[in-house]
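Reviewing the structure listed below.
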Amino acid sequence: MKFYTTIFTLSFILFLSSYSQAQTISAKILDSISKEPIPFATIQFADESGVISNGEGSFSVLLNEKSNPTDSLFISSMGFKRYATTIGNFKDSIVLLSPQNIELKNVIVTNKNYTADELIALVEDNLAKNYNTSLTKKRLFFRDHYHQYINRTNYSDFKSTIDAFNKEFVDSFLKSVPRTYDYYTETLADLSGNLEKENQKIALIKASKMYDKNTIVDFDILEEKLNKLLKENVKPDSYLKIKSGLFGTKIDNEELFGKEVDSTDMDALNKKIEEERKRKENETLYFASSRKNRISNLFKDLIFMEDTDLNFITKSRKYNFTLKELTYLGDDVVYVLDFKPKGGEDYKGTLYINADDFAVVRADYENVKSLKSFKLLGVFTNEYLAKGKMIFYKDANQKYNLRYIEKETGTMGGANRPLKIIEFNKVVKGKNRQNELSLEFDFAVTNVTKHEIVVYDTEEIEYAAFDALKEDNKITPTYLARYNPEFWKGYTIIEPNTAIKQFTATEEKTE
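Position in the sequence shown counted from 1, then plus 8, gives you the working numbering.
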């Protein structure tokens, strides 16, 4: 009997010890009826740490070393019954959430039926007390995705008396330009401070960057090819000027390179190129600062911040609000309000407001018009896209903290202009024009940037502790030519979507 007791005791100890080491739980969250993925569901533990499922409903979280198998685990999403279990009992790779309809007889909020405008007024009245703006330390994961694609590179009315710049060269040059370009940056860090930019300190833990180096190399090759053509085809006593008619002025090589550059002064051009490369290298050295600045800019637009551009709460009089329904978020009753601009404001969207304390627990928004546009003499830019969401959770002190923020912006730019490259003789006075290339070009490119931040846990810190913190960031992002699931093994991040998992640089594809 003693033998079996010993075996049982050892087995139990081994069971517990398995949780004293880092454990990862992963799953995909689906609607139990439609079997569709549930994006941005909250996965939260008893200690208030948590994560968010990605846009495809998937999540993966590294358990705290102090986690016990008896600790609670909750999964909740707007309009669904909360899923509750313990860490030890969580073994499913698929989690089904059941839709939950509101039962008015069980809702005791107030003896008054609020209008949408009254609810927004209560939200504004409670902003200061609902949201945590004190000094905290946040463990967060930050993902940036920059995507560029060329819409068109057309030209017409081509004429050239410069042998090197013939139609075959122009076609070859345009064909060499990459049509699409993707750049991912992922960063795990501790951010200490409040929500003001000047009161934040960052400590990097790990970072990666993923892109196709061949697209960078292609631009370098094009640059070298042009330099070689200039050197070989511009006569020693000649120079080139570029003219596109912008604003009725000429753009010559003095404006492009700081001074005139001819075939006898290629060193000046090479020096300029080298300086630009060094500038880009220095940006890597200040990687931590750039991460902190971008995070600060995202925090600046939280809906309760005074100077936020997302002003549908702080300047609610400029918007129309409509009460759509009551729903559940976990065990909490939530009002769902749609909003749209009354006049010239920029956004429409949906707010989810806790019925007990009138805190906005989630905000989804998107622009209804271009935020900025410019068009003059064939040159144009258009900031056509600005959308996102933010999700908050309540801590033990009844304050709301940020759990997740997403922001996506898009800009299109280009030109439809005549272009001339003219060869001038530096010695001959008067009519010194020798050769000329002319064409009408029509070029457009679109840039889309997506930012995501998930905050896993937030803890209060004292001013003395914050002042004592020293930023000594020596971590730079590790380059990945393709998605590598092992890189973030042992860390909690936002689960990558299918596009990230399938990303592979061209040099990897051809091996």
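In this text, a Cβ means the ideal position worked out from N, Cα and C, and glycines have one as well. This one's a predicted model, so the numbers in the text were calculated from it and none came from an experiment.
Presumed contact (8 angstroms Cβ cut-off) between residue i and residue j, rounded CB distance
i           : j           : result
residue 305 : residue 140 : With 8 angstroms as the limit, residue 305 and residue 140 do not qualify as a contact, their Cβ atoms being about 19 angstroms apart.
residue 363 : residue 336 : That belief does not hold up - the Cβ atoms of residue 363 and residue 336 are roughly 10 angstroms apart, past 8 angstroms.
residue 157 : residue 191 : Not a contact, Cβ separation roughly 13 angstroms.
residue 38  : residue 58  : Actually they do not touch by this definition, with Cβ atoms about 19 angstroms apart.
residue 388 : residue 425 : Their Cβ separation, rounded to whole angstroms, is 11 angstroms, which puts residue 388 and residue 425 out of contact at 8 angstroms.
residue 181 : residue 175 : With a Cβ gap of about 11 angstroms, residue 181 and residue 175 do not count as contacting.
Selection from the options that minimises the alpha carbon distance to residue i
i           : options            : result
residue 247 : 444, 96, 389       : 444
residue 320 : 93, 129, 479       : 129
residue 356 : 144, 40, 329       : 329
residue 404 : 466, 449, 495      : 466
residue 222 : 451, 488, 505      : 488
residue 47  : 315, 493, 104      : 104
residue 87  : 214, 468, 339, 501 : 339
residue 472 : 144, 507, 297      : 144
residue 309 : 371, 102, 166, 427 : 371
residue 383 : 423, 374, 151      : 423
residue 453 : 505, 312, 160      : 160
residue 205 : 325, 307, 425      : 307
residue 493 : 431, 109, 346, 194 : 194
residue 394 : 420, 216, 93       : 420
residue 345 : 174, 168, 373      : 373
residue 361 : 97, 245, 131, 317  : 131
residue 216 : 150, 98, 162       : 150
residue 250 : 359, 432, 503, 324 : 432
residue 365 : 89, 68, 135        : 135
residue 106 : 96, 94, 89, 122    : 89
residue 499 : 70, 63, 45, 375    : 70
residue 464 : 317, 35, 142, 401  : 401
residue 171 : 446, 495, 456, 510 : 446
residue 474 : 311, 142, 36       : 142
residue 168 : 427, 481, 207      : 427
residue 33  : 76, 99, 316        : 99
residue 354 : 317, 331, 322      : 317
residue 155 : 430, 163, 315, 189 : 189
residue 323 : 350, 451, 302, 300 : 350
residue 45  : 102, 153, 56, 485  : 102
residue 495 : 245, 214, 313      : 214
residue 479 : 245, 451, 207      : 207
residue 326 : 311, 332, 347, 314 : 347
residue 77  : 92, 91, 97         : 97
Beta-carbon gap between residue i and residue j smaller than 8 angstroms
i           : j           : result
residue 53  : residue 85  : no
residue 210 : residue 296 : yes
residue 386 : residue 414 : no
residue 146 : residue 199 : yes
residue 51  : residue 61  : yes
residue 110 : residue 334 : yes
residue 522 : residue 392 : Given that the chain is displayed from residue 9 to residue 519, the structure contains no residue 522 and the question cannot be resolved.
residue 411 : residue 462 : yes
residue 197 : residue 148 : yes
residue 75  : residue 95  : yes
residue 456 : residue 416 : yes
residue 505 : residue 201 : no
residue 481 : residue 212 : yes
residue 502 : residue 173 : no
residue 55  : residue 459 : no
residue 163 : residue 178 : yes
Residue(s) in a DSSP beta bridge with residue i
i           : result
residue 418 : 456
residue 68  : 34
residue 59  : 51
residue 493 : The partner list for residue 493 (beta bridge, DSSP) is empty, contrary to what the question assumes.
residue 425 : 449
residue 218 : 192, 488
residue 212 : 197
residue 410 : 400
residue 461 : 150, 413
residue 467 : 145
residue 45  : 38
residue 122 : The partner list for residue 122 (beta bridge, DSSP) is empty, contrary to what the question assumes.
residue 512 : 490
residue 139 : 408
Q. Can you list, in chain order, the stretches of the alpha helix (DSSP H) that have 4 or more residues and sit fully within the region 142 to 210?
A. 175 to 184
Q) Can you list the beta strand (DSSP E) stretches of 3 or more residues lying completely in the region 77 to 106, in chain order? A) 80 to 84, 91 to 94, 102 to 105
Q: Run through the region 321 to 402 for me and flag every whole beta strand (DSSP E) of 3 or more residues, listed as ranges in chain order.
A: 327 to 337, 340 to 349, 355 to 362, 368 to 375, 380 to 384, 387 to 402
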